[in-house]
Each structure stands twice: as C-alpha cells, then as structure tokens.
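K.L.:
Chains as they are written, first to last, in the numbering used here: chain H, 40 to 361; chain U, 141 to 519; chain D, 31 to 337.
#1: Can you confirm whether residue 178 of chain H, when its beta carbon is compared against all beta carbons of chain D, has any partner nearer than 9 Å?
#2: If you compare alpha carbons, which of U/193, U/216, U/177 is closest to residue 248 of chain U?
#3: If contact means a Cβ-Cβ distance below 8 Å, which residues of the stretch 361-377 of chain U contact chain D?
#4: For the beta strand (DSSP E) containing residue 233 of chain D, name the first residue and the last one.
#5: Within 10 angstroms of the Cβ of residue 421 of chain U, are there 16 or more other Cβ atoms? Answer buried if so, exposed if not.
#6: For residue 158 of chain D, count neighbouring Cβ atoms within 10 angstroms of its own Cβ and tell me buried if that reaches 16, exposed if not.
#7: Are there 16 or more other CB atoms within 10 angstroms of the CB of residue 228 of chain H, so buried, or fewer, so exposed?
#8: Indicate whether at least one CB of chain H lies closer than 9 Å to the CB of residue 271 of chain D.
#9: For residue 401 of chain U, does the three-state DSSP call read helix, strand or coil?
#10: With DSSP collapsed to three states, give me the class of residue 425 of chain U.
#11: Is residue 416 of chain U helix, strand or coil when you go by DSSP?
#12: Expressed to the nearest angstrom, what Euclidean distance is found between the alpha-carbon atoms of residue 329 of chain D and residue 278 of chain D?
#13: Go ahead and label residue 79 of chain D buried or exposed: buried means 16 or more other beta carbons lie within 10 angstroms of its beta carbon, across all protein chains shown.
#14: Once the 5 residues before and after residue 123 of chain D are set aside, which same chain residues still bring their CB inside 7 Å of it?
#15: State whether the stretch 504-518 of chain U contacts the stretch 39-50 of chain D, with contact taken as three or more CB pairs (one from each stretch) at a distance under 8 Å.
#16: Could you tell me the alpha carbon to alpha carbon distance between residue 457 of chain U and residue 495 of chain U, rounded to whole angstroms?
#17: So the alpha helix (DSSP H) residue 77 of chain D belongs to, where does it begin and stop?
#18: Residue 172 of chain H to residue 402 of chain U, Cα distance in whole Å?
#19: Compare the Cα-Cα distances from residue 152 of chain D to each of U/450, U/293, U/182, U/504 and report the closest residue.
#20: With burial defined as no fewer than 16 other Cβ atoms inside 10 Å of the residue's Cβ, what is the status of residue 208 of chain D: buried or exposed?
#21: Of the choices U/369, U/219, U/435, whose alpha-carbon is the least far from that of residue 272 of chain U?
#22: Assuming residue 349 of chain U and residue 377 of chain U form a contact by the criterion Cβ under 8 Å, report the distance between their Cβ atoms to the nearest whole angstrom.
#23: Taking C-beta to C-beta, are residue 245 of chain U and residue 283 of chain H nearer than 9 Å?
#24: Could you check whether residue 472 of chain U and residue 454 of chain U sit closer than 9 Å to each other, using their CB atoms as the reference points?
#25: Could you tell me if residue 253 of chain H is buried or exposed, where buried requires 16 or more neighbouring beta carbons within 10 angstroms of its beta carbon?
#26: In the DSSP assignment, what residue or residues form a beta bridge with residue 321 of chain H?
#27: Compute the Euclidean distance between the alpha carbons of residue 310 of chain D and residue 183 of chain H, then round it to the nearest angstrom.
#28: Is it right to say residue 346 of chain H is buried, meaning 16 or more other beta carbons lie within 10 angstroms of its own, or is it exposed?
#29: Quick one: which residues of the stretch 273-292 of chain H get their C-beta closer than 7 Å to a C-beta of chain U? List them in chain order.
#30: Using the Cβ count rule (16 or more neighbours within 10 Å means buried), how would you classify residue 435 of chain U?
#31: Can you say whether residue 465 of chain U is buried or exposed, counting buried as having 16 or more other CB atoms within 10 angstroms of its CB?
#32: Helix or strand or just coil, what does DSSP make of residue 48 of chain D?
#33: Would you identify the three-state DSSP class for residue 389 of chain U, choosing helix, strand or coil?
#34: If you draw a straight line from the C-alpha of residue 230 of chain D to the C-alpha of residue 120 of chain D, how long is it?
#35: So what does residue 139 of chain D bridge to, in DSSP terms?
#36: Residue 291 of chain U: which of U/321, U/303, U/304 sits nearest, CA to CA?
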C-alpha cells in the first residue's frame, strides 16, 4: 500500500477538488477568486521550482511561458472550440470540459516548445547569463505580443477579451495536484537524482556521466509546460489577457514565491504560494507599500535565511571557496 | 511526503474558501453603496484623481441635501494604479464584497473595457465618465457612458485640421493604449475620406521616453501638423523632442492630453498645439462657473474635463436612482438609459440607443502657458 | 539619405548614454563577477537628485552660465549617488560576498525593486518635467541635419568620462588594485590589497557614472519617473555583454551599437511594415544572438572554466 501512497494521495486530491468544485456556487465569489489564484500560483511556483530549485538554473522569464500558454489556450478556445464541442457530443458539461482541457494542453505544449527553443541554446550559459537571457526572452515575448495587430488573432496591446470563464476549482486544483505529483515524482526518482546533481555541481555531474544539458532542458521544458497550463487557467479565469500582465514583474512575483518557500522544496514552495497570494490580496489596500515590503523581504531572506521557509537541503547555506 | 503536505494545505484553503459563506458582509441598510474605480496612483494618476474629486463633490452635495431614497450615499473608491488587469480585479471585489448598486469608472478606455463585461455579467449598472472607445458600451446594456465616443472625437480633430488648411498630417500612435489606437483609426478614416493625406504613421508604447527616431522619420514627410493620439505623459515629451529636431508644426490630440502635467513637462514646446476635450473651464455659463468656483475652493485649482465628467457621471446616476425610485439592477439600468437632455456641466447629455452620449466637443489650445478655449464643434 | 544620417546621429547619442551606464555594469561585473540589477535605479536617482537640486537651488542655478550649473549639478549628484552605491554594497551585498552568486543576484533584484517602489512612494509615479540644464535648442542645421546642444554635450561628457575611467583603471594604484581583484581575489589580498575598500570604490565609481548617465538622459529626453531606469538599465546591460563584460572599451562599443541599431529599427520600421514597437526587443535579440555565438562578447576574452 505504501508503494502507491503518492498515487492514492493524488486521487484523493482530485476527488476533493471535484467535490468542492461542485459546491462552489455557494462559496463567496471573492474568496473563490482568491483560492483559484492560489492554485494557479502553486502551479507556477512548483514548475519554476523544478528549474530554479531542483536543477539550479536561474530562470527569470517564467511569465513568458505563462503568456504563451495563456494566448495559446485562449486562441484555441476562441477560434476552435465552437467547432470542437459538437464533435465531442454536443454542448454538454463533459464536452465543454474536454474542449477546455484540450485548449489547456495545447497552451501547455506551445509553452513547452518555446521552452525547448529557448532552453537548447541558452542552457549552456552560466547562472547570471541564463537569468538575463530568460529575462530577455520574457521581454521579447511581451514585445512581440504587444506589436501584433489589434484586430488580429493575438489582439495586439489590448490583448484578448471575452474568453469564456471555464476555469473552475476542480480544474485549478486538479492540475495543481497533478503538477506537484509530476514534479515531486520526477525529482524523487532515480533518474531525477540527476537534476539535483546538476544543481549541486555541474562539472562533477558531467564527469559522472550525466548528460547535464539533457537534464537542464528536460527541467526547462517540463517547467514551461506547466507554466503554459497555468497561463491557460489564468486566461479562462480573468477572461481578458494582455501582454502587459506577463512582464518581468510577474516573473519576479513567482521567483519571490520560490525563494521564500525554499528553492528545491516542493512543500515549502506550495506553502509560500498560498501565503503570498493570500497576503497579496489582503494587502491590496496598502498596494503602495506592497512591493517595497516584498523586495525588503526578499533582501532580508537572502541575507538571513536563504534556504527559505521549508528548506529541502541546506545547500544554499554553503560557503563557496574562492 | 510532499504530496500529503499538498493535500492538507489545499484542503485548508478550500475550507477557508467555504467559510467565505459566513464572511458575507451584512448589507448596511441605511446606506447606498456606489463603487468607483479610478487610477489614483500610477502613470495616469491625474485622470483618476481628477475624476474622483468630481465624483466625490457630487456625492457630498447629494448627501448634504439629504441623500437618495432616504439613505446616504457611500462612495467606495478602489485604485487600479493605472495598470491593466487591476481594474477588473477591483471591480469584481467591489461587486462581490462591497455589494455596490452601481459602478462609476473608468476614465481610460482600456481599463473600462476590462470592467464592462464584469459589470454586465453581474447585472450592476456601470457608468464610465470619460472612456471614449466605442467598444466599452458594446459589452452590454448595463454599461453606459456620459461622454462622446472616438468615432466622433476622431472626426472632430480631422475637421479642425482640414478647416485650418492642414492637408498633410503625420500620425503618432501609442500602440499600448486602446484609446490611442481607436482615436487614430477614426481620425485617419475621416481625414483621408475628406481630402487629407497622411504623410507617415509612427508608433510608440506608453512609458517610452525617446521619440527622436519616430520624429525624424515624420520630419522627412514634411507634414503640416502631427496628430498625437496618446496620453499627456508621452505627448509632452514628444513635443519637446520635436522642437529640438526643428519640427515646428502644431501637434493635435484628443482628451487624453487633458492634464496639468502636459504643460508642466512640455513647457514652451506645447505652445500653439490643439486638442479636443469635453469641457472648457472658461465657459461663462453660470452653472459651469459655479462648478469651477466650488471645485477651485475645494482643491486649489481649476477643474479639468475629467473632474467635470466625474461629477456629471455621478449626478446622472443619482438622477436615475431618483427616477427609478430604486437601486435594483434592472430598474436602475432602465432609468439610466432613459436619461434625456440632462443639463450637465459638460453639456446637455442624452443617452442614445447604444448608451453613449452625443455631445459637442471643444477645441482647446495652449497659449502663453495656459489652456485656452478656441472653438466648439457639434456632432 | 539625410534621414539616414539623422537617424544615425540619433542612435549615436542614445548609444552614448547606454555606453555610460554600461561602463558601470561592466566595471562591477569585472571586479565582483555579479550583475548589479540596481544599477539602472541609481541612474534614476541621479536624475531625481538633479531635479531636486534644481527645485531647491533653482534661481541660483539659473544665474550661473549653464555649463557651470550643469557641472555643479553633475558633481553633486555623482557624489551623492556614489555614496549611495557604497551604502547599498555595504548593507546588502557585503555579507553575501562569499555565498553562491545566485543569492547576490536575487538580492540585487530585490534592491532594484526596493529603490523603484520607494521612489514611487516618495515622488509619485507621474512623470515630472526635467529642468533644461542644457538649453533645448537645435544647433544650426548643417545640410538638413539637426543636432541639439544637449546631444553634443551628452557625447562630449560620455567621451570625457570614458577617458577618465580608463585613466583611473590603467594608471592609478586603485585601478591596479581593481584589476588585480578582478583577476584573482585571493591573490590580491595576499598582495596587500584591501578587497573591501576596492569593492566599495568600484561601486562608488560605477554609481557615479550611472548618476551622470541619468542626468544626461533626462536632459536629452525631458521627463523623469521612478521607473525610467529599467529599460535603459537592461539595454545597457546587454551593451556590456555585447562588448565583452569586464571590458571597458567593449562596453562603450556595445552601447553605441545597440543605440544605433535600435534607432534605425525604430525609424525605418514603417518602411518595412512592422510596428516600431519592435525596437524594444532588438536589444534582447542581439543579446541572445551574442550569447549563442560569441558569449565572451565582441572584445572580450574567452574564460575557461576551471574545475
């Protein structure tokens, strides 16, 4: 039984999500909104954690993959869903749900492809450079989306509007559970030790016969896929998306969650995602101070407790020799 | 194991969410809640602050006169920080948490476009004071505006330019703003259909600082005037840099220019430029002068168009509440839609079938560092 | 043709500002091996300091001949921002000097955002007009080309600062210490160099350059706001990488190249049929290309990673 405890936990999580989702009409809309945001941030943070935390690559452009997924899923829904739903058996909840899932997966795949395209050439670079390249990629995606035609498929700087609000509690938390399951399983497997090896000492890992580039790209692509999924969920929750919402600041928000939670610690990151999303909402009245507080928090964390809230390994505490 | 952590925490969150049931605010029954979304901070803060001042003035007036339907009006204002994405979130918050009966806002078309579908879906009447992009009211029958729309505003400037004999115009658009893109489109259409030529079209994004490249390209086309359809921040810089490049033709623009900051940053470069607006505080009619005096004594400076529109949008809402004798969504919506010949500070307001107002526009110019009225153009 | 030359000139002047900021990045990276994300914000603070000086001493400044006023404002801002840079290094980066580089990078981002949002809180996000420290006039057109006084001053100042910097790095004892530190921190301590002092000095110098860049930028374009440093900062970083990070002439070269490319893209985009907004992405495309094909930069040396 213990062998399958992970899978059982996953199924329980899915069932609970479904249950709560069916009852969601009686939940205050505002709180439901917050909960859905929490779920989306969990997916974003856990997927980024795979790249930054478990594999030690510093990616600052996660919001770009979220954007690709958001636009991919939304465009699919807006353009193709009306033709797809009849094919799946008419306008039933099942058909709409399935069409939505397909849209999300398409968004995720687009993001994964971008992840591969960006990752392949740049993962040869060292920490600082990769950070800047991913940041640059984030900017490029934003610039491209912003300069598309306003009347075209991408909606230009105004973005897309009128996306049907398919996102429900079930979808968000089911996918969050799946994301956590996948990432945790990946890292805890024998193959997955390779990620940690790459993080701890790339040169040593290479000399142990680990194909470091392959691991890095795998982490990057998987992380991008889930970021794309979360983007699709986000789009179908907000019903409008625009390029500006996926800029560097969004990437930074996710990075803060990962660092606060503890790079490399899935549980810590999930906890941090919940805490920060909820905190964000309640501090809305103090918006002017929010970023100041967050950036100070980040600086203090890095100086005082760089391993985060729930550290997995005290690796970030090590002193590097000159 | 990590997954157990997750299940536990997600269960905790869901329980908290479910508890939201009991978190419902009990509505305070002797107050009418009206929501307002405005950019109180951020890059276009002057818009939000002005419109808020105007709206608040109207609210204070009505409360001093005894309120409406025997209750006081409570204005709940949320700041969207001039950011895309925030307006929708705070609108949702106002609707579900503060149980507002109506929503006032926003000034910027892009942000109104976010809010409109939300208000429509929730059956909460929304009145935008100053958003001119036509798509805003297309969101549904609960969305209104008390200003003219860009198809009209674009033609206003085009008519004006042609009347001055400027047949060759270059266009500079802020592609990051719905408002600017829409306004350019309508200006171009009318201008080219009536014998004008566009010598060149350049674009920039909000918060850009350097326009020399675009201006150099425009200069090569030798225009008689430049139509800059964006907001005041960038327009001021564009003017300064244009003069430095030796471009001395006038700039033309829309109500997005309306802010003290335009002259503060643009200085001498703005002399002799023109823009269309909803209202001129030099208009000598008694009602307007009374409003100007009241506003000036309260805020230390003369009101701009956003303040006047904020005021009018609130007053029209109050009139409608009085007429409908209720704050129920459908009844209020119908009452607002029936607004006819309301004597507003910004002109006589009648809402048409598309829930837009048909009003004249004024052309203002900058002379000796001050904004001066030039002429009125009627639809 | 004339338009092309004018655009080239525009690009040249914009590029010289990027070069000025890039110098700071490249120096700090050369000595400390880390990207100071907060550099762009010191740039912004320099501009705001000048604005503040003008508010306080406006009439006094106006009564002096403008070159004197300009130099005064520049000096005061540079000194103030140098002090600020040293303070930031002391408070935020010093303790992390021996830790993993990623931590310092993250802290730098934190510092950058902290400065930006504090500035927003203090000054408001609305743009303010920057005083015309340099008269905003066009110099007589020579063959249809317009250059403004401001543009010429910017170029001249950049060259002066570049030359001074090279002098400091190559011909002074402190410069020698900086170069030693960048080659091998441990060995330099053994040679009697006080690393902490050198690092503080480097930060101070870089920040002073950023402040100067900020004032010149604001003089050139006319407006300041708390977030004005982000885009130029990022592009200047790309410029530093393009030229070879750690290499001073490289930073200047990189800055000019990026300035010119961006301006040309922006100016000619409508002829090619693409929106001019794409010029923002130009710097990043260049970055990715350079990092793929020649990561050491145009003038840089290849560094072998030793085990």
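From the three backbone atoms N, C-alpha and C, an ideal C-beta is built for every residue, glycine too.
P.N.:
So, from the data block:
#1: For the purposes of this step, residue 178 of chain H is identified with residue 139 of the first chain, where counting begins at 1. So yes, residue 178 of chain H belongs to the interface.
#2: Walking along the second chain from the start, residue 248 of chain U turns up at place 108. Among U/193, U/216, U/177, the Cα nearest to that of residue 248 of chain U belongs to U/177.
#3: 373, 376, 377
#4: As a working mapping, residue 233 of chain D is identified with position 203 in the third chain. No beta strand (DSSP E) contains residue 233 of chain D, which is instead part of the alpha helix (DSSP H) from 225-251.
#5: Residue mapping note: residue 421 of chain U aligns to position 281 of the second chain, counting from 1. So residue 421 of chain U counts as buried.
#6: Locating residue 158 of chain D in the third chain gives position 128, where the first residue counts as 1. Looking at its Cβ environment, which holds 16 or more other Cβ atoms inside 10 Å, residue 158 of chain D is buried.
#7: Walking along the first chain from the start, residue 228 of chain H turns up at place 189. Residue 228 of chain H is exposed by the Cβ-count criterion.
#8: Indexing the third chain from 1 puts residue 271 of chain D at position 241. By this cut-off, residue 271 of chain D is an interface position.
#9: Numbered from 1 along the second chain, position 261 holds the residue referred to as residue 401 of chain U. If DSSP states are grouped into helix, strand and coil, residue 401 of chain U belongs with the helices.
#10: Walking along the second chain from the start, residue 425 of chain U turns up at place 285. Residue 425 of chain U falls in the coil class under three-state DSSP.
#11: To locate residue 416 of chain U, count along the second chain from 1; it is residue 276. Note: residue 416 of chain U maps to strand in three-state DSSP.
#12: Translated into positions along the third chain, residue 329 of chain D becomes position 299. Translated into positions along the third chain, residue 278 of chain D becomes position 248. Residue 329 of chain D and residue 278 of chain D: Cα-Cα distance of roughly 9 Å.
#13: Here residue 79 of chain D refers to the residue found at position 49 when the third chain is read from its first residue. Under this definition residue 79 of chain D is a buried residue.
#14: The residue you call residue 123 of chain D lines up with position 93 of the third chain. Contacts found: 134, 137.
#15: no
#16: Walking along the second chain from the start, residue 457 of chain U turns up at place 317. Walking along the second chain from the start, residue 495 of chain U turns up at place 355. Distance between the alpha carbons of residue 457 of chain U and residue 495 of chain U is about 13 Å.
#17: Within the third chain, residue 77 of chain D is the residue found at index 47, counting from 1. Its alpha helix (DSSP H) spans residues 69-93.
#18: Indexing the first chain from 1 puts residue 172 of chain H at position 133. Indexing the second chain from 1 puts residue 402 of chain U at position 262. Roughly 37 Å between the two C-alpha positions.
#19: Walking along the third chain from the start, residue 152 of chain D turns up at place 122. The shortest Cα separation from residue 152 of chain D among U/450, U/293, U/182, U/504 belongs to U/182.
#20: Taking the first residue of the third chain as 1, we reach residue 208 of chain D at position 178. Flag for residue 208 of chain D reads buried.
#21: If you number the second chain from 1, residue 272 of chain U lands on position 132. Considering only alpha carbons, the answer is U/369.
#22: Working through the second chain from its first residue, we reach residue 349 of chain U at position 209. Working through the second chain from its first residue, we reach residue 377 of chain U at position 237. The pair is a contact, with the Cβ atoms about 6 Å apart (cut-off 8 Å).
#23: By one-based count along the second chain, residue 245 of chain U stands at place 105. By one-based count along the first chain, residue 283 of chain H stands at place 244. Cβ atoms of residue 245 of chain U and residue 283 of chain H: not closer than 9 Å.
#24: Residue numbering aside, residue 454 of chain U sits at position 314 when the second chain is read from its first letter. Residue numbering aside, residue 472 of chain U sits at position 332 when the second chain is read from its first letter. Their beta carbons are not under 9 Å apart, which means residue 454 of chain U does not touch residue 472 of chain U by this criterion.
#25: As a working mapping, residue 253 of chain H is identified with position 214 in the first chain. Residue 253 of chain H is exposed by the Cβ-count criterion.
#26: Counted from its first residue, the first chain places residue 321 of chain H at position 282. Paired residue(s): none; residue 321 of chain H is not in a bridge.
#27: To locate residue 310 of chain D, count along the third chain from 1; it is residue 280. To locate residue 183 of chain H, count along the first chain from 1; it is residue 144. Going by the C-alpha atoms only, they are around 10 Å apart.
#28: Counting from 1 along the first chain, the entry for residue 346 of chain H is found at position 307. Under this definition residue 346 of chain H is a buried residue.
#29: 277, 278, 279, 281, 283, 284
#30: Stepping through the second chain from its first residue, residue 435 of chain U is reached at position 295. Buried, since its Cβ has 16 or more Cβ neighbours within 10 Å.
#31: Sequence index remark: in the second chain, residue 465 of chain U carries index 325 (1-based). Result: exposed.
#32: On the third chain, residue 48 of chain D is found 18 positions in, with the first residue counted as 1. Note: residue 48 of chain D maps to helix in three-state DSSP.
#33: Indexing the second chain from 1 puts residue 389 of chain U at position 249. Residue state, collapsed to three classes: coil.
#34: For the purposes of this step, residue 230 of chain D is taken as the residue at position 200 of the third chain. For the purposes of this step, residue 120 of chain D is taken as the residue at position 90 of the third chain. Their backbone Cα atoms lie some 8 Å apart in a straight line.
#35: Here residue 139 of chain D is taken as the residue at index 109 of the third chain, counted from 1. DSSP, once it has assigned bridges, lists no residue as partnering residue 139 of chain D.
#36: The count along the second chain starts at 1 and reaches residue 291 of chain U at position 151. The shortest C-alpha separation from residue 291 of chain U is found at U/321.
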